[in-house]
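S.K.: Chains D and V, in that order, are what the protein sequence lines are. Our numbering puts the first residue of the first sequence at 586, with every later residue one more than the last. Our numbering puts the first residue of the second sequence at 586, with every later residue one more than the last. Below: one structure in structure tokens.
2 protein chains.
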Amino acid sequence: MGGRTGILFIMSAPSGAGKTSLARELGDNFPDLRHSVSYTTRPPRQGEQEGRDYYFVSAARFREMVKRGELAEWAEVHGERYGTSRLRLGATLEQGLDVLLTIDVQGARQLKAVYPEAVTVFLLPPSLAELKERLRQRGDPPAEVRRRLETARREVAELAGYDYVIVNDTFKEAVEALRAIILAERCRRARALPRLDGLLKEVEGHGTDHR
Amino acid sequence: MGGRTGILFIMSAPSGAGKTSLARELGDNFPDLRHSVSYTTRPPRQGEQEGRDYYFVSAARFREMVKRGELAEWAEVHGERYGTSRLRLGATLEQGLDVLLTIDVQGARQLKAVYPEAVTVFLLPPSLAELKERLRQRGDPPAEVRRRLETARREVAELAGYDYVIVNDTFKEAVEALRAIILAERCRRARALPRLDGLLKEVEGHGTDHR
Numbered sequence: 586m587g588g589r590t591g592i593l594f595i596m597s598a599p600s601g602a603g604k605t606s607l608a609r610e611l612g613d614n615f616p617d618l619r620h621s622v623s624y625t626t627r628p629p630r631q632g633e634q635e636g637r638d639y640y641f642v643s644a645a646r647f648r649e650m651v652k653r654g655e656l657a658e659w660a661e662v663h664g665e666r667y668g669t670s671r672l673r674l675g676a677t678l679e680q681g682l683d684v685l686l687t688i689d690v691q692g693a694r695q696l697k698a699v700y701p702e703a704v705t706v707f708l709l710p711p712s713l714a715e716l717k718e719r720l721r722q723r724g725d726p727p728a729e730v731r732r733r734l735e736t737a738r739r740e741v742a743e744l745a746g747y748d749y750v751i752v753n754d755t756f757k758e759a760v761e762a763l764r765a766i767i768l769a770e771r772c773r774r775a776r777a778l779p780r781l782d783g784l785l786k787e788v789e790g791h792g793t794d795h796r
Numbered sequence: 586m587g588g589r590t591g592i593l594f595i596m597s598a599p600s601g602a603g604k605t606s607l608a609r610e611l612g613d614n615f616p617d618l619r620h621s622v623s624y625t626t627r628p629p630r631q632g633e634q635e636g637r638d639y640y641f642v643s644a645a646r647f648r649e650m651v652k653r654g655e656l657a658e659w660a661e662v663h664g665e666r667y668g669t670s671r672l673r674l675g676a677t678l679e680q681g682l683d684v685l686l687t688i689d690v691q692g693a694r695q696l697k698a699v700y701p702e703a704v705t706v707f708l709l710p711p712s713l714a715e716l717k718e719r720l721r722q723r724g725d726p727p728a729e730v731r732r733r734l735e736t737a738r739r740e741v742a743e744l745a746g747y748d749y750v751i752v753n754d755t756f757k758e759a760v761e762a763l764r765a766i767i768l769a770e771r772c773r774r775a776r777a778l779p780r781l782d783g784l785l786k787e788v789e790g791h792g793t794d795h796r
């Protein structure tokens, strides 16, 4: 990787748009892409694993982390707190590994302020009707569905701040789009240049030979 | 596609870096991607087809096209002229179709001036030594190989003006990278928004219901 700093990919989406499954699928696709795992005060849902989906911590421990400045960002969503460890994230990027971070719009804004070169992706459900259906099928109670739809409405209004928009029409296409964004961003000239050292030196050398 | 204008992808590469095979492969991958076919005064090489690889025209006809302003760009490379039809290109983009145009650095610069929103990709050989080998294997005579290497050296120096850089290490990876760039650029927020009309209206409507 020739000393390249990792790229931070930030993905936001309304609850139920499919960001967790998408991020997990991508992790399997890219062995060199790290999935940033957030800290949260909310209790684990069925099937969620400590350290894979979240680090589950008490409200007291979370307050302590905030106080000590250990979080690159944190936010309260639906009454629970979520945050990203500054040290973990920084160390991974320093190693030249790319990181995919799925986070709500508040967190995305804070992170973008700290990491202005981050690449931001907004994942959208095909429609609010479809989103409602997905939340219901997931088993969220009606009041929760209403609250999440209201949040979704507010969040979608913020998509103007994002670099890319993926519509999660079919899971397969959404995976392919996110994969493409990651591959393409790795080819951005400014990021690809460090890997071209050899060729560029060769070009200069060749030029000198002929003068 | 909801009235979206097509994206113009401009790809440049030194002779022998593999741009023609790559563009052809991509065309097969994306039925909705048009490959812009240039006009040229150079004679067809073995296996090249009129209308697929180039439109082969006489020097007199080419001069006439230039005089009538029918070309969006044109350039002389290795003593032969190459140009892009303004009408053909404009009509395709207007239809909302994306266009892939493989062109030398001079032509790319002219086109970028006319289409500032074009996405530019520079395809590099892994090394000049490798490029020399490929040109030899293609059967180019030694003097031609030397001339093309000299041009390659000058062209590579211009890659700072390009959005993306692909190193053609293996053909398969280069195809995948170019494919990713096309898919990712289609997800760029500004381009994706017209397709989101329905959802955005739904979001506004939903908001109004609750006020």
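Where a beta carbon is used, it is the ideal one built from N, C-alpha and C, also for glycine. Note that the structure is predicted; figures quoted are calculated from it, not measured.
Taking contact to mean 3 or more Cβ pairs, one atom from each stretch, closer than 8 angstroms, check whether the region 592 to 602 of chain D and the region 720 to 734 of chain D are in contact.
M.R.: Short answer: they touch.
S.K.: Considering only C-alpha positions, which residue in the set D:658, D:688, D:622 is nearest to residue 698 of chain D?
M.R.: Residue 698 of chain D sits at position 113 when you count from the first residue of the first sequence. Selected option, being the one with the closest Cα: D:658.
S.K.: Would residue 787 of chain V count as contacting chain D if we go by Cβ distances under 8 angstroms?
M.R.: Position 202 of the second sequence holds residue 787 of chain V. With 8 angstroms as the cut-off, residue 787 of chain V counts as an interface residue toward chain D.
S.K.: Assuming contact is defined by CB atoms lying nearer than 8 angstroms, are residue 771 of chain V and residue 681 of chain V in contact in what I supplied?
M.R.: Walking along the second sequence from the start, residue 771 of chain V turns up at place 186. Walking along the second sequence from the start, residue 681 of chain V turns up at place 96. Contact flag unset, no.
S.K.: For residue 759 of chain D, name the three-state secondary structure that DSSP assigns.
M.R.: Looking up residue 759 of chain D in the first sequence gives position 174. Three-state result, residue 759 of chain D: helix.
S.K.: I need the DSSP call for residue 623 of chain V, collapsed to helix, strand or coil.
M.R.: In the second sequence, residue 623 of chain V corresponds to position 38, counting from 1. Three-state result, residue 623 of chain V: strand.
S.K.: Which runs of the alpha helix (DSSP H) fall wholly inside the region 714 to 772 of chain D and span at least 4 residues, in chain order?
M.R.: Listed in chain order, the complete alpha helix (DSSP H) runs (minimum 4 residues) inside the region 714 to 772 of chain D are 727 to 741, 756 to 771.
S.K.: Please report whether the beta-carbon of residue 682 of chain V lies at a distance below 8 angstroms from any beta-carbon of chain D.
M.R.: Numbered from its first residue, the second sequence carries residue 682 of chain V at position 97. Not one chain D Cβ lies under 8 angstroms of residue 682 of chain V.
S.K.: Within the region 612 to 667 of chain D, note down every full alpha helix (DSSP H) run reaching 4 residues or more, in order along the chain.
M.R.: Segments of the alpha helix (DSSP H) lying fully in the region 612 to 667 of chain D: 644 to 652.
S.K.: In angstroms with no decimal places, state the Cα-to-Cα distance between residue 623 of chain D and residue 743 of chain D.
M.R.: Residue numbering aside, residue 623 of chain D sits at position 38 when the first sequence is read from its first letter. Residue numbering aside, residue 743 of chain D sits at position 158 when the first sequence is read from its first letter. Cα to Cα, the separation comes out at about 22 angstroms.
S.K.: So, residue 716 of chain D versus residue 595 of chain D, is the Cβ gap smaller than 8 angstroms?
M.R.: Taking the first residue of the first sequence as position 1, residue 716 of chain D is located at position 131. Taking the first residue of the first sequence as position 1, residue 595 of chain D is located at position 10. Cβ distance not < 8 angstroms, so residue 716 of chain D and residue 595 of chain D don't count as in contact.
S.K.: Can you check which of these residues, D:730, D:735, D:656, D:753, is closest to residue 712 of chain D by C-alpha distance?
M.R.: Walking along the first sequence from the start, residue 712 of chain D turns up at place 127. The shortest C-alpha separation from residue 712 of chain D is found at D:753.
S.K.: Looking at the unbroken alpha helix (DSSP H) that takes in residue 677 of chain D, where does it start and where does it end?
M.R.: As a position in the first sequence, residue 677 of chain D is number 92, starting the count at 1. Segment 671 to 679, the alpha helix (DSSP H) holding residue 677 of chain D.
S.K.: Go through its chain and collect everything with a Cβ distance to residue 644 of chain D's Cβ below 8 angstroms, but skip five positions before and after it.
M.R.: Residue mapping note: residue 644 of chain D aligns to position 59 of the first sequence, counting from 1. Hits under 8 angstroms: 626, 666.
S.K.: Assuming contact is defined by CB atoms lying nearer than 8 angstroms, are residue 683 of chain D and residue 591 of chain D in contact in what I supplied?
M.R.: Taking the first residue of the first sequence as 1, we reach residue 683 of chain D at position 98. Taking the first residue of the first sequence as 1, we reach residue 591 of chain D at position 6. Yes, these two residues count as a Cβ contact at 8 angstroms.
S.K.: Could you have a look at residue 782 of chain D and say whether DSSP puts it in helix, strand or coil?
M.R.: Sequence index remark: in the first sequence, residue 782 of chain D carries index 197 (1-based). In this structure, residue 782 of chain D counts as helix in the three-state DSSP scheme.
S.K.: Figure out for me which residue from D:767, D:693, D:610, D:777 has the closest Cα to the Cα of residue 662 of chain D.
M.R.: What you label residue 662 of chain D is simply residue 77 of the first sequence in a count that begins at 1. The candidate whose alpha carbon is nearest that of residue 662 of chain D is D:693.
S.K.: In chain D, what lies closer than 7 angstroms to residue 728 of chain V by C-beta?
M.R.: Start at 1 with the first residue of the second sequence, and residue 728 of chain V comes out as number 143. None at all; the shortest Cβ gap to chain D is about 14 angstroms.
S.K.: Among D:734, D:788, D:706, whose alpha-carbon lies nearest the alpha-carbon of residue 735 of chain V?
M.R.: As a working mapping, residue 735 of chain V is identified with position 150 in the second sequence. The candidate whose alpha carbon is nearest that of residue 735 of chain V is D:788.
S.K.: Taking the alpha carbon of residue 738 of chain V as the point to measure from, which residue in D:779, D:714, D:786 has its own alpha carbon closest?
M.R.: Mapped onto the second sequence, residue 738 of chain V falls at position 153. Answer by Cα proximity: D:786.
S.K.: In whole angstroms, what separates the C-alpha of residue 763 of chain V from that of residue 750 of chain V?
M.R.: Translated into positions along the second sequence, residue 763 of chain V becomes position 178. Translated into positions along the second sequence, residue 750 of chain V becomes position 165. For residue 763 of chain V and residue 750 of chain V, the distance between alpha carbons rounds to 9 angstroms.
S.K.: Can you give me the start and stop residues for the beta strand (DSSP E) that residue 593 of chain V sits inside?
M.R.: Taking the first residue of the second sequence as position 1, residue 593 of chain V is located at position 8. Taken as a continuous stretch (DSSP letters only), the beta strand (DSSP E) holding residue 593 of chain V covers 593 to 597.
S.K.: Would a check of beta-carbon distances place residue 732 of chain V closer than 8 angstroms to chain D?
M.R.: Here residue 732 of chain V is taken as the residue at index 147 of the second sequence, counted from 1. Chain D contact via Cβ: absent.
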